[in-house]
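In our numbering, the protein residues as written are 43 to 172.
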DNA sequence: CTGATGACGAGCG
DNA sequence: CCGCTCGCCATCA
């Protein structure tokens, strides 16, 4: 079954849990070439034209600068999920960044694993909001 | 089929 | 810290 490139991008984005955010580059890296950073943005822009299909948490995808791309509306949606932004409109990817999909899921979809070994949960953003 | 368009990333000054 | 340039995929009219 040859799914469209955009579909694969959506599938990866659907793995992002609530309260976490992923960057365009991160999604592109998981999908793999020829998907570049731009393509992910294009795919999300195309979402506006897709009136049907499974939901895609597009608001959880932000740029590498830790800033939202679509405007204050997106930031508000994320804040409602527990993501914190500073006065500059930036969020700490160290705390709210998505570690990546689960190994099992990644393997089942032929996605490159985020890291060879599971990273130790040193911090739990949602429980360590201070 | 051709042309226009769209929500980024990294590098450099 | 900010702004500019280049790279380049799929979808729509």
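Where is the CB? At the ideal position from N, CA and C, for every residue including glycine.
For residue i, is the classification buried or exposed, using 16 other Cβ atoms within 10 angstroms of its Cβ as the cut-off for buried?
i           : result
residue 86  : buried
residue 99  : buried
residue 179 : Outside the displayed span of the chain (43 to 172) sits residue 179, for which this structure offers no information.
residue 107 : exposed
residue 120 : buried
residue 90  : exposed
Using C-beta distances below 6 Å, list every residue in its chain close to residue i, excluding the 5 sequence neighbours before and after it, in chain order.
i          : result
residue 50 : 73
residue 82 : 51, 66, 69, 70
Taking the alpha-carbon positions, what's the residue i to residue j distance?
i           : j           : result
residue 131 : residue 112 : 12 Å
residue 54  : residue 69  : 7 Å
residue 124 : residue 140 : 13 Å
residue 153 : residue 146 : 10 Å
residue 128 : residue 101 : 17 Å
residue 61  : residue 93  : 25 Å
residue 48  : residue 122 : 27 Å
Go through its chain and collect everything with a Cβ distance to residue i's Cβ below 8 Å, but skip five positions before and after it.
i           : result
residue 105 : 65, 66, 111
How is residue i classed by DSSP in three states: helix, strand or coil?
i           : result
residue 69  : helix
residue 104 : strand
residue 126 : coil
residue 81  : helix
Can you give me the Cβ contacts of residue i inside the same chain, cut-off strictly under 7 Å, excluding the 5 residues immediately before and after it?
i          : result
residue 57 : 143, 147
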